[in-house]
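For the record, the sequence lines run as chains F and P.
Quick note: the first sequence, position 319, residue 319 per this note's numbering, numbers continuous.
Quick note: the second sequence, position 8, residue 444 per this note's numbering, numbers continuous.
Take a look at the structure set out below.
There are 2 protein chains.
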Amino acid sequence: MKEIKVGLLGFGTIGTGVVRMFQQNTELISQRLGAKLVLASIADLDVTTDRGVVLDEGVLINDANSVLTNPDIDIVIELIGGYEPARTFVIKALEHGKHVVTANKALMAIHGEELLKIADKNGVSILLEAAVGGGIPVLASIRENLGGNEFSDVSGILNGTCNYILTRMTEEGEDFNAVLSDAQKLGYAEADPTFDIEGIDTAHKLSILISMCFGTWVDFDKIYTEGITRITSLDIHYARQFGYQIKLLAIGKKVDGVIEARVHPTMIPDSYPLSDVKGVLNAVRLQGDFVGPVMLNGSGAGMDATASAVLGDVISLSRSITNGSQTMTPTLGYQTEKIITLPIREITDISCHYYIRFMVEDCPGVLAQISTVLGESNISIRSMVQPEQQLGGCVPIVMLTHGAKECDIQHALDEIDALDSIKEQSLFIRMENDLA
Amino acid sequence: MKEIKVGLLGFGTIGTGVVRMFQQNTELISQRLGAKLVLASIADLDVTTDRGVVLDEGVLINDANSVLTNPDIDIVIELIGGYEPARTFVIKALEHGKHVVTANKALMAIHGEELLKIADKNGVSILLEAAVGGGIPVLASIRENLGGNEFSDVSGILNGTCNYILTRMTEEGEDFNAVLSDAQKLGYAEADPTFDIEGIDTAHKLSILISMCFGTWVDFDKIYTEGITRITSLDIHYARQFGYQIKLLAIGKKVDGVIEARVHPTMIPDSYPLSDVKGVLNAVRLQGDFVGPVMLNGSGAGMDATASAVLGDVISLSRSITNGSQTMTPTLGYQTEKIITLPIREITDISCHYYIRFMVEDCPGVLAQISTVLGESNISIRSMVQPEQQLGGCVPIVMLTHGAKECDIQHALDEIDALDSIKEQSLFIRMENDLA
């Protein structure tokens, strides 16, 4: 039976999951593949820590270069994370004619174009299923079976930390900071949670989804990225009253050749399938012109689910190798030379419905002042909640708007926030009403 | 640019969808594929009906054989449906060295082993994504990116007609027959709905899922198949009271090398993702040892969604052809010679929790009689509802059991139904408590 030799860079949590899966399912995988996968070499700076898996003598080494230059190795798995030395290692692997499988969303979001062009030049492939949605087979589905569709929308819940925090805030009415601290204790959030809670991790994943769905390179800096730190349990409470949930959504759309690429807290109706995605789960919703809406959900992180995605890519590449393919299916599903760079719409140019919360001095006439500014800015109000008055206190006024332009909203709120009766910066949350 | 020539057998609703998708997305598909798909020939007995699509002169013919023997054609799409002449045509296509894409679940459930072995012998492939779950890319996911997993469970809502009927019964409290008749008017149910409402269509799809997940041939007759015709709005009402929904589920499990393969109305907790799948939507839930639970949902039928799955398979085969593959990825994800025939558990040998509804004469002592029989049969009751008494009338007693053996349930109900105080045949519904 033909052997496919695999090298692994990075023997941390995910790497350990990959090794366990290789070992546990070797026989099964060879029944599917008709070839034997061999994990020939693992490189990590730490070659002493016990990861709870038994390796043959000499498999674990501390020198990445000897994996990258080993002529026996067909596929290199990169699980180092971060930009460097991951980028340099991936380039070296490609230039040595090795296919690469990576879980590194940051690397691919920022350096994807460079790396994919190097892969192309060297006649090898990079697969990255594990970079988006953990074990959920979303990238393979876009590339493969949904490949006959023109996509108009891709959206998703792509960060388990944020979804865990928002779910707990929703179900238990707790405050952001209390839940974050709990999430850190439970291992659902990092000690420095910035990448997660500020939406950066989600934006990395969105960048990859947009490239695949719309056949465009994405300038990462142009993705509008807003995290969940300003969301209060009060906003969640009002969202629930209106029949909505607040989720950190990644939203990609293509309208008239222009891309919307944005990550922000989003109010979606309770009735939408994405509303039911709870805790650390992830989900991606795709809208194709023929398939209609399709949703995939599952574990978005964790060593086992991520290992599943990594092994899936290794199997896919191994099949191409054993099938004697002369060329590989392109990473993004498009022939690389056909990928263009579509313009990305500025956030101020989008239109949607909005939730707005004003914190106002509780005195007569405030609502009239607010309404006047909104009316002058072409913003019409769909519904409004003004809780019972507490004379002299500071109370929220909450509104849902009809469709409005973001620039109008921002301009109106600047004007309203300058009023004496407004006691803190007003908050707005974008709504999505077309992801049923 | 290389051309891949495709022939189509059957120009009905789905066939028309396929032709529309070919025409509408030709340019997009060639950007992805790096080759041009050409729909070279379409065969149907009816060559006169206007399907609303424009074809080049000579493309539509009434002779399937000239498609099957045309040496220019690489891939044949079979959309005739049914067993014959579909089976004969597929065999002929394979023997002429053509890959086959089919949406024919009945054909593949009954003759899959024969056809796949013929494909193997001729070095060509059969793909069948459209046969299960319409546009949902579930078979490709099992075969490709989830292929490193050992699966323990596959379950799903695979028939839009049944799910539509049960959803309407649940949301509106209507009776089965009224909703069925409505569904027929709306085109969601056939004039003869037997295949759908008796669960046969679902069982065909389950057979394919089980083969792919567990690497086994399935003797279709051994799949326990029970439809939804006995479900009343009364049962749905009680299910709701207990916090459950009733869905027609396809359930495949592998436990200790034995397969459970069953289709029947199933009570699942409201909190389960499958509970949220409403109307004509389909969903499949997979449980892999590393990926954990993954759920995919979308349109399970309709010309466009089905066309998406068909085109996805055509693209996948076309990629292998343009990549110069010497062999193809096997249809079921396993090398054909590695597929075995695992035993299928008799329905009487399964264990689960049960909902039971007795229709009893409303007089004292009946509950004691029932409880005695259940106790003697090792069936313990988890909760019970006995509505207010209407003296002299016939009232339901509804129970949920703890885990019990199906043979014990059947035996106990036979004994209970023989009691004078039991006024009609008791009904039980199997519950699933491990598909969260």
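Beta carbons are placed, not taken as given, at the ideal position from N, Cα and C, and that holds for glycine.
**Request:** With a cut-off of 8 Å on the beta carbons, I'd call Asp556(P) and Ile757(P) a contact; round off their distance for me.
**Result:** Here residue 556(P) refers to the residue found at position 120 when the second sequence is read from its first residue. Here residue 757(P) refers to the residue found at position 321 when the second sequence is read from its first residue. For Asp556(P) against Ile757(P), the beta-carbon gap comes to about 17 Å, at or over 8 Å, which does not count as contact.
**Message:** Measuring only the C-alpha atoms, how far is Ala840(P) from Gly801(P)?
**Reply:** Within the second sequence, the letter at position 404 stands for residue 840(P). Within the second sequence, the letter at position 365 stands for residue 801(P). Cα to Cα, Ala840(P) sits roughly 24 Å from Gly801(P).
**Ordered list of alpha helix (DSSP H) runs contained in the segment 634 to 700 of chain P, each at least 4 residues** = 636 to 650 and 669 to 677
**Message:** Would Asn159(F) pass as an interface residue toward chain P - the criterion being a Cβ-Cβ separation below 9 Å?
**Reply:** The count along the first sequence starts at 1 and reaches residue 159(F) at position 159. By this cut-off, Asn159(F) is not an interface position.
**Request:** Name, in chain order, the residues that DSSP records as bridge partners for Ser155(F).
**Result:** Numbered from its first residue, the first sequence carries residue 155(F) at position 155. Its beta-bridge partners are Ile251(F) and Arg285(F).
**Asked** Skipping 5 residues on each side, what residues in its chain have a beta carbon closer than 7 Å to that of Thr336(F)?
**Response** As a working mapping, residue 336(F) is identified with position 336 in the first sequence. Taken in chain order, the residues that qualify are Leu116, Lys117, Asp120 and Pro330.
**Under 7 Å (Cβ pairs) to chain F, residues found in the segment 567 to 584 of chain P** = Per Cβ criterion, the list reads Gly571, Ile572, Pro573, Ala576, Ser577, Glu580, Asn581, Leu582, Gly583 and Gly584.
**Asked** Three or more C-beta pairs closer than 8 Å, one from the segment 665 to 677 of chain P and one from the segment 743 to 756 of chain P: is that the case here?
**Response** no
**Prompt:** Does any residue of chain P bring its CB to less than 9 Å from the CB of Ser421(F)?
**Reply:** As a working mapping, residue 421(F) is identified with position 421 in the first sequence. Output row for Ser421(F): interface = no.
**Asked** What's the gap between the Cα of Val834(P) and the Cα of His789(P)?
**Response** Here residue 834(P) is taken as the residue at index 398 of the second sequence, counted from 1. Here residue 789(P) is taken as the residue at index 353 of the second sequence, counted from 1. Each residue's Cα considered, the two are about 13 Å apart.
**Asked** Does any C-beta atom of chain P lie closer than 9 Å to the C-beta of Glu432(F)?
**Response** Stepping through the first sequence from its first residue, residue 432(F) is reached at position 432. Answer no: the Cβ-Cβ gap between Glu432(F) and chain P never drops below 9 Å.
**Leu296(F), buried or exposed, once every other Cβ within 10 Å from all chains shown has been counted against 16** = Within the first sequence, the letter at position 296 stands for residue 296(F). Burial call: buried.
**Message:** Cβ closer than 7 Å: which chain F residues qualify as neighbours of Pro729(P)?
**Reply:** Taking the second sequence and counting its residues from 1, one reaches residue 729(P) at position 293. The contacting residues are Gly298.
**Asked** Would Cys830(P) be called buried (16 or more neighbouring beta carbons within 10 Å of its own) or exposed?
**Response** Numbered from 1 along the second sequence, position 394 holds the residue referred to as residue 830(P). In the assembly as shown, Cys830(P) is an exposed residue. Its beta-carbon has fewer than 16 other beta-carbons within 10 Å.
**Asked** Using a C-beta cutoff of 9 Å, does Asn873(P) count as contacting chain F?
**Response** It is not possible to answer for residue 873(P), since the shown part of chain P is limited to 437 through 872.
**Asked** At a Cβ threshold of 9 Å, is Gly333(F) touching chain P?
**Response** If you number the first sequence from 1, residue 333(F) lands on position 333. Yes, contact with chain P.
**Prompt:** Using the beta-carbon of each residue, which ones in chain F are nearer than 7 Å to Lys774(P)?
**Reply:** Residue numbering aside, residue 774(P) sits at position 338 when the second sequence is read from its first letter. Per Cβ cutoff of 7 Å: Gln31.
**Request:** Keeping to the same chain, check which residues put their C-beta closer than 7 Å to that of Gly148(F); ignore five residues upstream and five downstream.
**Result:** Along the first sequence, one-based indexing puts residue 148(F) at 148. These residues qualify, in order along the chain: Phe290.
**Request:** For Ser383(F), count neighbouring Cβ atoms within 10 angstroms of its own Cβ and tell me buried if that reaches 16, exposed if not.
**Result:** Here the question's residue 383(F) lines up with position 383 in the first sequence. Label assigned to Ser383(F): exposed.
**Asked** Around the C-beta of Thr742(P), are 16 or more other C-beta atoms found within 10 angstroms, so that it is buried, or is it exposed?
**Response** For the purposes of this step, residue 742(P) is taken as the residue at position 306 of the second sequence. Buried, because 16 or more other Cβ atoms sit within 10 Å of the Cβ of Thr742(P).
**Asked** Would Gly52(F) count as contacting chain P if we go by Cβ distances under 9 Å?
**Response** Numbered from 1 along the first sequence, position 52 holds the residue referred to as residue 52(F). No, Gly52(F) lies away from the interface with chain P (no Cβ there is under 9 Å from its Cβ).
**Request:** Examine the Cβ distances between the segment 195 to 215 of chain F and the segment 153 to 163 of chain F and report whether three or more of them are shorter than 8 Å.
**Result:** yes
**Asked** Quick one: Cα of Lys472(P) to Cα of Glu565(P), how far?
**Response** Within the second sequence, residue 472(P) is the residue found at index 36, counting from 1. Within the second sequence, residue 565(P) is the residue found at index 129, counting from 1. If you take the alpha carbons of Lys472(P) and Glu565(P), they lie about 21 Å apart.
**Item:** Buried/exposed call for Lys621(P), threshold 16 Cβ in 10 Å
**Value:** Indexing the second sequence from 1 puts residue 621(P) at position 185. Lys621(P) should be labelled exposed.
**Request:** Please report the Cβ distance between Leu530(P) and Asn506(P), rounded to the nearest whole angstrom; I am assuming they are in contact, meaning their Cβ atoms lie under 8 Å.
**Result:** Translated into positions along the second sequence, residue 530(P) becomes position 94. Translated into positions along the second sequence, residue 506(P) becomes position 70. Here Leu530(P) is actually not in contact with Asn506(P); their C-beta atoms are around 14 Å apart, not less than 8 Å.
**Asked** Is the number of C-beta pairs between the segment 512 to 520 of chain P and the segment 491 to 498 of chain P that are closer than 8 Å three or more?
**Response** no
**Prompt:** With which residues is Phe864(P) paired in a DSSP beta bridge?
**Reply:** If you number the second sequence from 1, residue 864(P) lands on position 428. Assignment of beta-bridge partners to Phe864(P) by DSSP yields Ile792(P).
**Prompt:** Is the Cβ of Leu444(P) closer than 9 Å to any Cβ of chain F?
**Reply:** Start at 1 with the first residue of the second sequence, and residue 444(P) comes out as number 8. Output row for Leu444(P): interface = no.
**Prompt:** Looking at the C-beta of Ile562(P), does it have a partner C-beta in chain F at a distance below 9 Å?
**Reply:** Locating residue 562(P) in the second sequence gives position 126, counting from the first residue. False, the Cβ-Cβ gap to chain F never drops below 9 Å.
**Message:** Is it buried or exposed, Lys438(P), if we count other Cβ atoms within 10 angstroms and call 16 or more buried?
**Reply:** Position 2 of the second sequence, counting from 1, holds the residue named residue 438(P). Its Cβ having fewer than 16 others within 10 Å, Lys438(P) is exposed.
**Prompt:** Roughly how many angstroms separate the alpha carbons of Glu586(P) and Asp192(F), rounded to a whole number?
**Reply:** Here residue 586(P) is taken as the residue at index 150 of the second sequence, counted from 1. Here residue 192(F) is taken as the residue at index 192 of the first sequence, counted from 1. It is roughly 35 Å from the alpha-carbon of Glu586(P) to the alpha-carbon of Asp192(F).
**Message:** Between the alpha carbons of Val537(P) and Lys98(F), how many angstroms are there, rounded?
**Reply:** For the purposes of this step, residue 537(P) is taken as residue 101 along the second sequence, with counting starting at 1. For the purposes of this step, residue 98(F) is taken as residue 98 along the first sequence, with counting starting at 1. Using only the alpha carbons, I get a separation of about 32 Å.
**Item:** Where Glu439(P) sits in the DSSP three-state scheme
**Value:** Stepping through the second sequence from its first residue, residue 439(P) is reached at position 3. Three-state DSSP puts Glu439(P) in a strand.
**Message:** Applying the 10 Å Cβ sphere with the 16-neighbour rule, what's the burial state of Asn104(F)?
**Reply:** As a working note, residue 104(F) is residue 104 in the first sequence. Buried, because 16 or more other Cβ atoms sit within 10 Å of the Cβ of Asn104(F).
**Item:** Proximity below 9 Å, CB of Gly112(F) to CB of Ser299(F)
**Value:** Position 112 of the first sequence, counting from 1, holds the residue named residue 112(F). Position 299 of the first sequence, counting from 1, holds the residue named residue 299(F). Cβ atoms of Gly112(F) and Ser299(F): not closer than 9 Å.
**Neighbour list for Ala309(F) in chain P, Cβ cutoff strictly below 7 Å** = In the first sequence, counting from the first residue as 1, residue 309(F) sits at position 309. Residues of chain P passing the Cβ test: Asn581.
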